[in-house]
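Notes for the one structure printed next.
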Amino acid sequence: MARCFYLSFGSFPCVVASSPETAKEFVKTHETSFSNRPSTVAIRCLTYGAADFSFAPYGRYWMFMKKICMTELLGGRTLDHFLPVREEEMETFLKGTLRKSQANEAVDVGQELTALANNIISRTTISRRCSATSEEASEMRTLVDEVGGLSGKFNFQDYIWFCKNVDIQGIFKEHEEARNKNCDSSMRSKDLVNILLDIVKDEKAEMRLSRESIEAFILEMFTTGTGTSAGVTQWALAELINHPDILNKAREETDSTTGNKRLVKESDLPNLHFLQAIVKKTLRLHPSGPLFTRESTQHCKIGGYDIPASTRLIVNVWSIGRDPNYWENPMDFVPTRFINGSGRSQIDVRGRHYELLPFGSGRRSCPWTSLALRCFDWKVANGKENSVDMTEAAGIALLMAQPLVCVPVARDIPFLTI
Ligand code: HEM
Numbered sequence: 014m015a016r017c018f019y020l021s022f023g024s025f026p027c028v029v030a031s032s033p034e035t036a037k038e039f040v041k042t043h044e045t046s047f048s049n050r051p052s053t054v055a056i057r058c059l060t061y062g063a064a065d066f067s068f069a070p071y072g073r074y075w076m077f078m079k080k081i082c083m084t085e086l087l088g089g090r091t092l093d094h095f096l097p098v099r100e101e102e103m104e105t106f107l108k109g110t111l112r113k114s115q116a117n118e119a120v121d122v123g124q125e126l127t128a129l130a131n132n133i134i135s136r137t138t139i140s141r142r143c144s145a146t147s148e149e150a151s152e153m154r155t156l157v158d159e160v161g162g163l164s165g166k167f168n169f170q171d172y173i174w175f176c177k178n179v180d181i182q183g184i185f186k187e188h189e190e191a192r193n194k195n196c197d198s199s200m201r202s203k204d205l206v207n208i209l210l211d212i213v214k215d216e217k218a219e220m221r222l223s224r225e226s227i228e229a230f231i232l233e234m235f236t237t238g239t240g241t242s243a244g245v246t247q248w249a250l251a252e253l254i255n256h257p258d259i260l261n262k263a264r265e266e267t268d269s270t271t272g273n274k275r276l277v278k279e280s281d282l283p284n285l286h287f288l289q290a291i292v293k294k295t296l297r298l299h300p301s302g303p304l305f306t307r308e309s310t311q312h313c314k315i316g317g318y319d320i321p322a323s324t325r326l327i328v329n330v331w332s333i334g335r336d337p338n339y340w341e342n343p344m345d346f347v348p349t350r351f352i353n354g355s356g357r358s359q360i361d362v363r364g365r366h367y368e369l370l371p372f373g374s375g376r377r378s379c380p381w382t383s384l385a386l387r388c389f390d391w392k393v394a395n396g397k398e399n400s401v402d403m404t405e406a407a408g409i410a411l412l413m414a415q416p417l418v419c420v421p422v423a424r425d426i427p428f429l430t431i
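So in the numbering used here the end of the sequence shown lands on 431, straight run, no missing numbers.
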C-alpha cells in the first residue's frame with residue numbers, strides 16, 4: 014500500500030496515511046472500522062468526558078447530534094437566520110480596518126480575523142460579542158499562539174480563551190431565566206443555546222440531551238470554528254500579497270459582480286469562481302487541520318496488513334495536498350488549476366476527492382463544509398518589500414511562524430464609510 018507507515022505512541026499503535034489512495038482505503042473502504050476519534054486525558058477533561066460531538070464515539074448519541082447539527086444548528090435555515098449577524102460583523106471589521114488605514118496604522122491580521130470569527134460565533138451561539146475591544150482580541154491572540162504550539166488537538170486554545178472570558182454556566186442560567194419570564198417562544202432570541210434548550214425540553218425528542226452535552230457542544234463551536242476560519246483567511250491573504258497578479262484578477266471578478274458599488278455578499282459567492290478557486294488553493298497548501306485523527310473499533314486487514322482494534326489513524330492532509338503524483342508543481346499557488354473550461358471548479362473539498370481533504374471525509378467529516386480583499390491594499394509591515402514570509406510555525410494548528418502585520422491602504426470604496 015502506498016505511503017502508509019506504522020508508529021507506536023507509547024502503548025498506542027498508530028498508522029499514518031499520507032497518500033490519497035491510502036487515505037481513501039482507510040476512511041472510505043474501511044469507514045465503519047475507523048469512525049471513532051481517539052480521546053486523550055486532556056480532551057476528556059475539556060469536553061466533559063467526551064460529552065461533546067467531535068469526540069463522541071460513533072453511535073446513537075453521535076448520530077442524534079449529527080442530525081441536529083445538519084438540520085437545526087448548521088442547516089440552511091439557521092445559516093440564513095444569522096446572515097445579518099455575519100454581514101454586520103464583516104462591516105464592523107472593514108470599518109475598523111478603514112480607521113487603521115486612515116491613521117496609517119499596522120494591523121495584526123491574524124488577531125483581527127480571530128476576533129471577527131469569534132464575534133460571529135459568539136453572537137450566533139450566545140447572542141453576545143466576545144472580542145469587542147482590541148485588548149480582548151489581543152489577549153485572545155496571545156493565548157491562541159502560546160497554547161497552539163503546545164496543544165495536541167487543533168484549536169484547543171479556544172477552549173482556554175472561551176472558558177476564561179465567558180461563564181458558560183452563567184449564560185445557561187441567563188437563558189433559562191429569560192425563557193421562564195417569557196414563555197412565548199417567538200419572542201426568544203434564536204441563538205444556538207436556545208435551539209439546544211428547546212431540544213432539551215422537547216418531550217418527544219428521540220433522545221434526551223444532558224445539560225453537560227449542550228455545554229460541551231457550545232464550547233465546541235468556539236473550539237472548532239474560530240482558528241480554522243481565521244487561519245485559512247490569513248494564509249489566503251498572505252498568498253495574495255505575494256501574488257499581486259492573482260489578487261488583481263480576483264478584484265476584477267468581484268468588481269464585475271458588484272459593479273464596484275457595494276460590498277461582496279454571500280449570495281455573490283456562487284458566481285465568484287476565481288475567488289472560490291483561491292480558497293481551494295489555500296486549503297490545499299495551508300489546511301487548518303493538517304492532520305485529522307480517527308481510531309479503529311475492530312480488527313481489519315488493509316493493504317495486506319493486520320490492523321488491530323484501537324489503532325489510531327492519522328491522515329496527513331498537509332502532505333496529501335502537496336503530493337507531486339497528483340499536483341503538478343505542487344508548491345505553486347495557481348488557482349486556475351481548479352477551474353475547467355466552463356469557468357467552474359472540477360474538484361470539491363467535501364471529501365470525495367482524496368487528493369484534497371481539508372474538511373476530512375465520510376460520516377465524520379467537518380459538518381461546516383458549506384474574505385477583506387476587495388477594499389484594501391495591504392502593505393506588509395514586518396517583512397521584506399511587500400513579500401510575506403510563508404514559514405509555518407511548529408505545532409499542529411498550522412499557524413504562520415511570523416504574524417502577518419500589514420498597514421491597510423483603502424482603495425476606492427465609496428460604499429464604506431465610518
Ligand atoms: C476552514 C475551516 C475549517 C476546516 C479546514 C475544518 C476542518 C475539519 C477537519 C479536517 C475535521 C475532521 C474531519 C474527519 O475526521 O474526517 C473537522 C471536523 C469537525 N469540524 Fe471542522 N473545519 C473548519 C471549520 C469548522 C467550523 C466553522 C465548525 C463549526 C462551527 C466546525 C465544526 C467541526 C466539527 C463539529 C467536527 C467534528 C465532526 C465529527 O466528528 O463528526 N468546523 N473539521
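Even for Gly, the Cβ is constructed at its ideal location relative to N, Cα and C.
{"query": "heavy atom of the ligand HEM below 6 Å from residue 235 C-beta", "result": "no"}
{"query": "Neighbour-count burial assignment, residue 69, 16 or more Cβ in a 10 Å radius", "result": "buried"}
{"query": "Through-space distance from residue 319 to residue 311, alpha-carbon basis", "result": "11 Å"}
{"query": "Check: residue 379 C-beta below 6 Å from any heavy atom of the ligand HEM", "result": "yes"}
{"query": "Heavy atom of the ligand HEM within 6 Å of residue 32 beta-carbon", "result": "no"}
{"query": "The ligand HEM heavy atom lying under 6 Å from the CB of residue 241", "result": "yes"}
{"query": "Boundaries of the alpha helix (DSSP H) in which residue 22 is found, first to last residue", "result": "Where residue 22 is concerned, there is no enclosing alpha helix (DSSP H), although the beta strand (DSSP E) it sits in stretches over 17 to 22."}
{"query": "Test item: CB-CB of residue 369 and residue 247 under 7 Å", "result": "no"}
{"query": "Distance CB(residue 130)-CB(residue 243) smaller than 7 Å", "result": "yes"}
{"query": "Selected residue, minimal CA-CA separation from residue 303, among 185, 329 and 85", "result": "329"}
{"query": "Three-way DSSP call (helix, strand, coil) for residue 74 in this model", "result": "helix"}
{"query": "Buried or exposed (CB count within 10 angstroms, at least 16 for buried), residue 292", "result": "buried"}
{"query": "Contact belief for residue 286 with residue 352 at Cβ below 8 Å, rounded distance in angstroms", "result": "6 Å"}
{"query": "Residue 332 beta carbon near the ligand HEM (any heavy atom closer than 6 Å)", "result": "no"}
{"query": "Whether residue 114 touches residue 421 by CB criterion (7 Å)", "result": "yes"}
{"query": "Residue burial classification, residue 348 (beta-carbon count within 10 angstroms, cutoff 16)", "result": "buried"}
{"query": "Whole-Å CB distance - residue 284 paired with residue 271, under 8 Å assumed", "result": "Between residue 271 and residue 284 the Cβ distance is about 10 Å, and since that is not below 8 Å, they are no contact."}
{"query": "For residue 306, the residue or residues it bridges with in DSSP", "result": "327"}
{"query": "Collapsed DSSP secondary structure at residue 25 in the structure displayed", "result": "strand"}
{"query": "Cβ neighbours of residue 419 in the same chain (closer than 7 Å, five flanking residues each side left out)", "result": "119, 120, 122, 391, 392, 393 and 394"}
{"query": "Length at least 4, wholly inside the segment 75 to 135: the alpha helix (DSSP H) runs in chain order", "result": "89 to 94 and 96 to 115"}
{"query": "Contact test: residue 213 Cβ vs the ligand HEM heavy atom, cutoff 6 Å", "result": "no"}
{"query": "Supposed close pair residue 363, residue 48 - CB separation, criterion 8 Å", "result": "Residue 363 to residue 48, Cβ: 18 Å. No contact."}
{"query": "beta-carbon residue 302 near the ligand HEM non-hydrogen atom, thresh 6 Å", "result": "yes"}
{"query": "Start-to-end residues for the alpha helix (DSSP H) that takes in residue 213", "result": "205 to 214"}
{"query": "C-alpha gap between residue 214 and residue 96, whole angstroms", "result": "27 Å"}
{"query": "Of the listed residues 93, 382 and 30, nearest to residue 241 (C-alpha basis)", "result": "382"}
{"query": "Straight-line gap, residue 102 to residue 128 (C-alpha atoms, nearest Å)", "result": "10 Å"}
{"query": "Helix, strand or coil at residue 394 [DSSP, three-state]", "result": "coil"}
{"query": "Beta-bridge partners of residue 217, as assigned by DSSP", "result": "Paired residues: none, contrary to the question."}
{"query": "Residue 348 CB to nearest heavy atom of the ligand HEM below 6 Å", "result": "no"}
{"query": "Own chain residues within Cβ distance below 7 Å of residue 43, not counting five before or after", "result": "313 and 315"}
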